[in-house]
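Student: Numbering (the working numbering), first residue to last: 562 to 725.
Using N, Cα and C, we set each Cβ at its ideal position, and we do this for glycine too.
#1: Among 690, 569, 580, 638, which one has its Cα closest to the Cα of residue 621?
#2: When the distance is taken between beta carbons, is residue 614 closer than 8 Å to residue 594?
#3: Report the residue from 717, 632, 581, 639 whose alpha carbon sits nearest the alpha carbon of residue 693.
#4: Who does residue 716 pair with in a DSSP beta bridge?
#5: Which first and last residues belong to the beta strand (DSSP E) in which residue 671 is found?
#6: For residue 511 versus residue 572, is the C-beta spacing smaller than 8 Å?
#7: How would you label residue 725, buried or exposed, when you count the other beta carbons within 10 angstroms and need 16 or more for buried?
#8: For residue 616, name the three-state secondary structure that DSSP assigns.
#9: Among the residues of its own chain, which have a CB less than 6 Å from the CB of residue 633, if the five just before and after it don't count?
#10: Give the straight-line distance between the Cα atoms of residue 625 and residue 587, rounded to the nearest whole angstrom.
#11: CB-CB under 8 Å to residue 719, same chain, minus the five flanking residues each way: which ones, in chain order?
#12: Does DSSP classify residue 597 as helix, strand or coil?
#13: Is residue 577 buried or exposed, if buried means 16 or more other CB atoms sit within 10 Å of its CB?
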């Protein structure tokens, strides 16, 4: 299976590390993976290189809509069977880019915080309806999303990976 992971950056952070660990696990199980970041921060670049994970990125000085357009081009170029995006802004860019690129595969959004943002959540989670599934790493976020936005079965609890 060909999997494209979309993240904001390889900057130091828990969600970024979770995405890279997930990419590594899929790669270790024989899947073709690539990580694509919408900025060029590179704290975790040594991890990517050590595990030979294909990686591409956009540049920090590009405008938001150009990033969405270039993300759509990347999706069209890679033609993944599965698209996985983490974090709010990268997932918004990925959903819009998937629409622009006419992506027909499966899209999973990883929501890696229990934080609730009121009116911003209304915009964000209505846009995320375009995704096939949403994963969360807290039971409170699972209950919040099932109560406010989605039917049961669209949101899945996926705890963080432990690096051993």
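Tutor: Quick look at the numbers:
#1: What you label residue 621 is simply residue 60 of the chain shown in a count that begins at 1. Here the closest residue by C-alpha is 569.
#2: Your numbering for residue 594 matches position 33 in the chain shown. Your numbering for residue 614 matches position 53 in the chain shown. Yes, the Cβ-Cβ distance between residue 594 and residue 614 is below 8 Å.
#3: In the chain shown, counting from the first residue as 1, residue 693 sits at position 132. Comparing Cα positions, the closest option is 717.
#4: Residue numbering aside, residue 716 sits at position 155 when the chain shown is read from its first letter. BP columns for residue 716 point to 695.
#5: Working through the chain shown from its first residue, we reach residue 671 at position 110. Taken as a continuous stretch (DSSP letters only), the beta strand (DSSP E) holding residue 671 covers 667–672.
#6: The chain is shown from 562 up to 725; residue 511 falls before or after that span and cannot be answered.
#7: Looking up residue 725 in the chain shown gives position 164. Bear in mind that the predicted position of residue 725 carries a pLDDT of just 49, short of 50, making it too unreliable to give a figure here.
#8: To locate residue 616, count along the chain shown from 1; it is residue 55. Here residue 616 sits in strand by DSSP.
#9: Against the chain shown, residue 633 aligns to sequence position 72. Excluding residues within five positions, the ones whose Cβ falls inside 6 Å are 658, 661, 662.
#10: The count along the chain shown starts at 1 and reaches residue 625 at position 64. The count along the chain shown starts at 1 and reaches residue 587 at position 26. Distance between the alpha carbons of residue 625 and residue 587: 29 Å.
#11: On the chain shown, position 158 is the one that residue 719 refers to. Result list for residue 719: 671, 696, 697, 698, in chain order.
#12: Taking the chain shown and counting its residues from 1, the one referred to as residue 597 is at position 36. If DSSP states are grouped into helix, strand and coil, residue 597 belongs with the strands.
#13: Numbered from 1 along the chain shown, position 16 holds the residue referred to as residue 577. Here residue 577 is buried. Its C-beta has 16 or more other C-beta atoms within 10 Å.
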